Amino acid sequence: MKGFTHVNATSVDEAIQLLVKYKGRAKLNAGGTDLLGVLKDRILPDYPEAIINLKTIPELNSLVEDEEGISIGALTPLIDIIDSPLIEKTYPLLREAAITVASPQIRNMATIGGNLCQDTRCWYYRYPEELGGMIKCFRKGGKTCPTVVGENRYHAIMGAKKCYAVCPSDTAVALIALGATLTIAGSKGTHTLPVEEFFSSLGNVLTPDEMITMIHIPKPSPIASQTFLKFTLRKPIDFALVSVASLLNLDKGVCTDVRLVLGAVAPTPVRAFKAEEFLKGKELTEETANEAASLALAGAKPLSKNAYKLEIAKTLVKRVIKG
Ligand SMILES: Cc1cc2nc3c(=O)[nH]c(=O)nc-3n(C[C@H](O)[C@H](O)[C@H](O)COP(=O)(O)OP(=O)(O)OC[C@H]3O[C@@H](n4cnc5c(N)ncnc54)[C@H](O)[C@@H]3O)c2cc1C
0 MKGFTHVNAT SVDEAIQLLV KYKGRAKLNA GGTDLLGVLK DRILPDYPEA IINLKTIPEL
60 NSLVEDEEGI SIGALTPLID IIDSPLIEKT YPLLREAAIT VASPQIRNMA TIGGNLCQDT
120 RCWYYRYPEE LGGMIKCFRK GGKTCPTVVG ENRYHAIMGA KKCYAVCPSD TAVALIALGA
180 TLTIAGSKGT HTLPVEEFFS SLGNVLTPDE MITMIHIPKP SPIASQTFLK FTLRKPIDFA
240 LVSVASLLNL DKGVCTDVRL VLGAVAPTPV RAFKAEEFLK GKELTEETAN EAASLALAGA
300 KPLSKNAYKL EIAKTLVKRV IKG
């Protein structure tokens, strides 16, 4: 690893001041489970001059519920979310997603903010410099995405334009289905953003002087059914090939409201708006589940080796609808 300055930030203001001071040449460190691997493998063209440690800001590690919903500090470890009786009772969808992340050791260290901001796992993007040199793909300022003519079996089947890497975050998929929002702090103050608007084709919308401080989940209807399904090749410690999260309100078997989100199929999590619209007012039968699954994947354009993800995604959509 190259040398860098390490600073323990003691407040959000101090962390923002440091981001401003280093003008894009500093990285925030939360649990470090993603960042340290990225730095050790030297996958990025620019190495940071400074690492700003966020774990020294105690108020960012919190779970507070009120009548509106729950607020989760960005530095809250995934294990605290999984172990929280509040989350288990009212927001089980988030728990179901968090418990599928990596291994117990990683979930002890990894934070919810870091899980949302983690870098993609595309194997071209992550190619270590020591093995013959860094691959300068489109995401790193290169001209092309090597996946188009290369090994693309785990890559995007929809929504990609220049980069086919998928968003690896499992908690993002659950948080979008739950209608969560983020508080983002920066040098111009704080603002709120729905999680579904946070992701962009090459990562997220944070500017170099911004960070996530809080995640807010509105209280779902107590009778809403919440489901998270994740398909992986291996059972333990594996990223999603496809995941689906749903928040479904039913009245006597008829869908009154639904939020349906797909993960690992595109550079960002994908809200299946057409399927949601179709399902509202319908009885949930085999037929409606089939139609909703087709609508959810209507825009898909698989690459040469990943059409199989389309079938997995349709199957997961059908399963979350049929319960
Ligand atoms: C073996 C392995 C298996 C894994 N499997 C899965 C999986 O199945 N599903 C899954 O979702 N993830 C998986 N992960 C990824 C893991 O979940 C992430 O590494 C972890 O969630 C990142 O959290 P962290 O707190 O350690 O972030 P860090 O490593 O500290 O940071 C990650 C990135 O987020 C930025 N960041 C951190 N906090 C903030 C903040 N508050 N505001 C703005 N930027 C911030 C950092 O600057 C950095 O760029 C796996 C990782 C490993 C190593």
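With numbering that gives the first Met the number 0 applied, the sequence shown covers 0 to 322. Every residue, glycine too, gets a C-beta built ideally from N, C-alpha and C. Note that the structure is a prediction, hence the values are computed from the model and not measured.
- Listed as beta-bridge partners of PHE198 by DSSP are ASN203.
- Secondary structure at THR170: helix, using DSSP grouped into helix, strand and coil.
- Distance from PRO76 to THR110 at the Cβ level is roughly 6 Å; contact confirmed, criterion being Cβ atoms closer than 8 Å.
- Taking all protein chains shown into account, VAL11 has 16 or more neighbouring C-beta atoms within 10 Å of its C-beta and is therefore buried.
- Not one heavy atom of ligand 1 falls within 7 Å of the beta-carbon of MET157.
- Burial check for GLY72: the Cβ neighbour count within 10 Å reaches 16 or more, so the residue is buried.
- By the neighbour-count criterion, in which 16 or more other beta carbons inside 10 Å mark a residue as buried, HIS154 falls on the buried side.
- Taking a C-beta distance under 8 Å as the contact criterion, LYS313 and ALA292 qualify as a contact pair.
- Within the region 111-137, the runs of alpha helix (DSSP H) that reach at least 4 residues and sit entirely inside it are, in chain order, 111-116.
- Here the alpha carbon of GLY30 sits roughly 22 Å from the alpha carbon of LYS22.
- Per DSSP, the continuous beta strand (DSSP E) segment holding ILE51 begins and ends at 49-52.
- As a beta-bridge residue in DSSP terms, CYS254 pairs with LEU249.
- It is roughly 26 Å from the alpha-carbon of ALA96 to the alpha-carbon of ASP250.
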